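Protein chains in written order, with our numbering: chain E, 7 to 182; chain C, 76 to 208.
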Amino acid sequence: MQTFALAIHGGAGTVPAASLTPEAAAAYRRGLEDALRAGHAVLCGGGSALDAVTAAVCALEDDPLFNAGRGAVFNLAGRHEMDAAVMDGRDRAAGAVAALCDIRNPVRVARRVMEASPHVLLAGEGARAFALEQGFAAEPEAYFHTERRWQALQEERARLHDGGSAADAPAERRHG
Amino acid sequence: TVGAVARDVHGHLAAATSTGGMTAKHVGRVGDTPLIGAGTFADDASCAVSATGHGEFFIRRVVAHSVHARISLLGEPLARAAEVVVMDELRALGGEGGLVAVDRHGHIAMPFNSEGMYRGCVRDDGRCLTAIH
């Protein structure tokens with residue numbers, strides 16, 4: 007039996023193998039490794055699985071390469087709408103947020119919903135108000151803006167304008 | 076989308092998932108990530124799951140809870156349960172993506188039916204394994 011274990015993902019919308027440069031692949035793997043080390047440090051110190059997954063996901067949210075937090079994609083209106091959730095296997099406690107627009111580390115807000123409210127899922131303005139009440143700071147748009155995601159939105163808008171459908175989008179845009 | 080699952084030294088499990096969604100998504104669109112049982116689930120008696128992919132299909136297939144149900148009700152090992160849900164059930168609907176999962180024994184599964192999935196795992200020895208395709 008393993009004493010502890012941690013697994014992470016950074017999304018299934020991967021760049022096709024043929025067009026992923028060695029440098030880009032190395033950067034993605036560094037990001038994954040940083041997240042693993044963040045979670046591993048928690049577990050090594052006897053910390054909880056809940057703290058470990060929170061630490062690992064925060065590390066990925068802080069890395070602009072991945073589609074969450076700082077690297078989140080843009081919606082059709084050119085804004086960010088971020089979703090996050092946590093669940094504790096000890097008692098099936100759960101917390102989640104949806105359509106959060108400008109709060110850093112949405113996974114921490116989801117956890118606060120679980121730990122400091124009687125609710126499971128808060129969305130939109132209500133989720134934002136809860137986050138601010140709980141002491142989370144709103145970040146300026148620039149924090150979440152990445153040129154790569156902005157260009158992807160422009161290309162997707164053009165494709166939709168030319169008659170394409172959301173279902174036909176390339177995998178890296180169709181998948182979270 | 077990003078996510079993590081863990082089993083700690085006390086045998087407790089947890090899952091977390093976070094996402095920006097899909098590029099150019101409809102305003103107000105919510106995917107599977109914050110829906111407990113679809114993109115995120117954890118129960119100490121079975122497993123913890125975090126999913127990634129085309130969210131609407133993960134919602135309809137209730138992917139994360141399905142892995143738990145196969146372990147709990149059918150007695151399947153984690154690897155089999157996760158494989159069936161992602162490679163058979165999800166794919167049958169036309170859903171692409173994958174998941175990471177850990178069971179109460181510390182076994183890990185990371186199946187995906189898309190071209191790739193950024194993924195990684197680490198255990199007691201601290202050796203980090205990462206992969207993309």
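Glycine residues also receive a C-beta, built at the ideal position from the N, C-alpha and C atoms.
Just so it is clear, the structure is predicted and the values come from calculations on it, not from any experiment.
Cut-off 7 Å between Cβ atoms - residues of its own chain near residue i, not counting five sequence neighbours on either side
| i | result |
| --- | --- |
| histidine 125 of chain E | Val119 |
| alanine 41 of chain E | Ile14, Ala62, Ala65 and Leu66 |
| glutamate 151 of chain C | Arg145 |
| cysteine 203 of chain C | Gly195 and Val197 |
| glutamine 140 of chain E | Arg118 and Ala122 |
| histidine 46 of chain E | Leu12 |
| arginine 135 of chain C | Leu168 |
| asparagine 81 of chain E | Glu87 |
Residues that residue i contacts on chain E, provided the C-beta gap is smaller than 7 Å
| i | result |
| --- | --- |
| phenylalanine 187 of chain C | Ala18 |
| aspartate 118 of chain C | Gly95 and Arg98 |
| serine 125 of chain C | His15 |
| arginine 166 of chain C | The premise fails here: arginine 166 of chain C is roughly 13 Å from chain E at the closest Cβ pair, so nothing lies under 7 Å. |
| alanine 144 of chain C | Under the 7 Å cutoff, chain E gives no residues; its nearest Cβ is about 14 Å from alanine 144 of chain C. |
Contacting residues, own chain, Cβ-Cβ under 6 Å from residue i (five flanking each side not counted)
| i | result |
| --- | --- |
| phenylalanine 72 of chain E | Gly16 and Leu66 |
| alanine 104 of chain E | Asp89 and Ala129 |
| threonine 94 of chain C | Thr76 and Thr108 |
| leucine 88 of chain C | Arg82, Ala117, Asp119 and Ala123 |
| phenylalanine 133 of chain C | Asp107, Ala113, Gly114 and Ala126 |
Cα-Cα separation, residue i to residue j
| i | j | result |
| --- | --- | --- |
| alanine 30 of chain E | leucine 148 of chain C | 42 Å |
| serine 54 of chain E | alanine 135 of chain E | 28 Å |
| alanine 91 of chain C | leucine 159 of chain E | 27 Å |
| arginine 59 of chain E | aspartate 69 of chain E | The amino acid occupying residue 59 of chain E in the given sequence is valine; arginine does not appear at that position. Cα-Cα distance, rounded: 16 Å. |
| alanine 211 of chain C | leucine 138 of chain E | Residue coverage of chain C in this structure runs from 76 to 208, which leaves residue 211 of chain C outside it and unanswerable. |
| aspartate 174 of chain E | phenylalanine 150 of chain E | 26 Å |
| histidine 167 of chain E | threonine 27 of chain E | 30 Å |
| isoleucine 207 of chain C | alanine 44 of chain E | 19 Å |
| cysteine 50 of chain E | histidine 85 of chain C | 12 Å |
| histidine 71 of chain C | threonine 9 of chain E | Since the first residue of chain C shown is 76 and the last is 208, residue 71 of chain C is not available in this structure. |
| aspartate 178 of chain C | glycine 169 of chain E | 45 Å |
Other residues of its chain near residue i: CB distance less than 8 Å, five sequence neighbours each side excluded
| i | result |
| --- | --- |
| glycine 181 of chain C | Arg82 and Arg198 |
| proline 112 of chain E | Glu67, Ala74, Gly75, Met88, Asp89, Ala90, Val103 and Leu106 |
| glycine 173 of chain C | Ala126, Thr127, Gly128, Val161, Met185, Pro186, Phe187, Asn188, Ser189, Met192 and Arg194 |
| serine 123 of chain E | Gly101 and Phe136 |
Under 8 Å from the C-beta of residue i: neighbouring residues of chain C
| i | result |
| --- | --- |
| serine 54 of chain E | Asp83, His85, His87 and Ala89 |
| arginine 43 of chain E | Val197 and Cys203 |
| histidine 86 of chain E | Gly95 |
| proline 46 of chain E | Sequence inspection shows histidine at residue 46 of chain E; the proline mentioned does not correspond to that position. Within 8 Å Cβ-Cβ: Val197, Gly201 and Cys203. |
| glycine 132 of chain E | Within chain C, no residue comes near glycine 132 of chain E; the closest Cβ sits about 13 Å away, beyond 8 Å. |
Cross-chain neighbours of residue i in chain C, by beta carbon under 9 Å
| i | result |
| --- | --- |
| phenylalanine 136 of chain E | Those within 9 Å of phenylalanine 136 of chain E in chain C number zero; the least Cβ separation is about 14 Å. |
| arginine 154 of chain E | Near arginine 154 of chain E there are no residues of chain C at all, since even the closest Cβ is about 10 Å away, more than 9 Å. |
| glycine 169 of chain E | Ordered by position in chain C, no residue passes the 9 Å Cβ test against glycine 169 of chain E, which lies about 14 Å from the chain. |
Proximal chain E residues relative to residue i, where beta-carbon distance stays under 9 Å
| i | result |
| --- | --- |
| valine 175 of chain C | Ala13, Ile14 and His15 |
heavy atom of the ligand NAD below 7 Å from residue i C-beta
| i | result |
| --- | --- |
| threonine 115 of chain C | Among the components of this structure there are no ligands whatsoever, and the ligand NAD is therefore not found. |
Anticipated Cβ contact below 8 Å, residue i with residue j, distance rounded
| i | j | result |
| --- | --- | --- |
| arginine 110 of chain E | glutamate 145 of chain E | 5 Å |
| alanine 120 of chain C | alanine 176 of chain C | Not quite, the Cβ-Cβ distance comes to about 14 Å (not below 8 Å), so this is no contact. |
| threonine 205 of chain C | leucine 38 of chain E | 4 Å |
| valine 48 of chain E | arginine 155 of chain E | So it is not a contact: roughly 29 Å between Cβ atoms. |
| alanine 99 of chain C | arginine 163 of chain E | 6 Å |
| valine 138 of chain C | leucine 165 of chain C | 6 Å |
| alanine 143 of chain E | valine 115 of chain E | Not really, about 11 Å apart at Cβ, beyond 8 Å. |
| aspartate 94 of chain E | leucine 56 of chain E | 5 Å |
Beta-carbon neighbours of residue i, restricted to chain C and to distances below 7 Å
| i | result |
| --- | --- |
| proline 22 of chain E | Glu190 |
| phenylalanine 142 of chain E | Within 7 Å Cβ-Cβ: nothing; phenylalanine 142 of chain E doesn't reach chain C, min ~14 Å. |
| proline 112 of chain E | Ser93 |
Interface flag, residue i vs chain D, CB-CB below 8 Å
| i | result |
| --- | --- |
| methionine 120 of chain E | Judged by its chain identifiers, the structure shown contains no chain D, and its protein chains are E and C. |
Interface residues of chain E facing residue i [CB-CB closer than 8 Å]
| i | result |
| --- | --- |
| valine 105 of chain C | Asp89, Ala104, Ala105 and Ala129 |
| arginine 155 of chain C | Simply none; closest approach about 17 Å. |
Note to self: Whether or not the stretch 131-143 of chain C and the stretch 103-117 of chain C are in contact is what I'm after, with contact meaning three or more pairs of Cβ atoms, one per stretch, closer than 8 Å; do they touch?
What the structure shows: Yes, since at least three Cβ pairs between the stretch 103-117 of chain C and the stretch 131-143 of chain C fall closer than 8 Å, the two stretches touch.
Item checked: Three or more C-beta pairs below 8 Å linking the stretch 156-164 of chain C and the stretch 198-206 of chain C -> Output reads no: the stretch 198-206 of chain C does not touch the stretch 156-164 of chain C.
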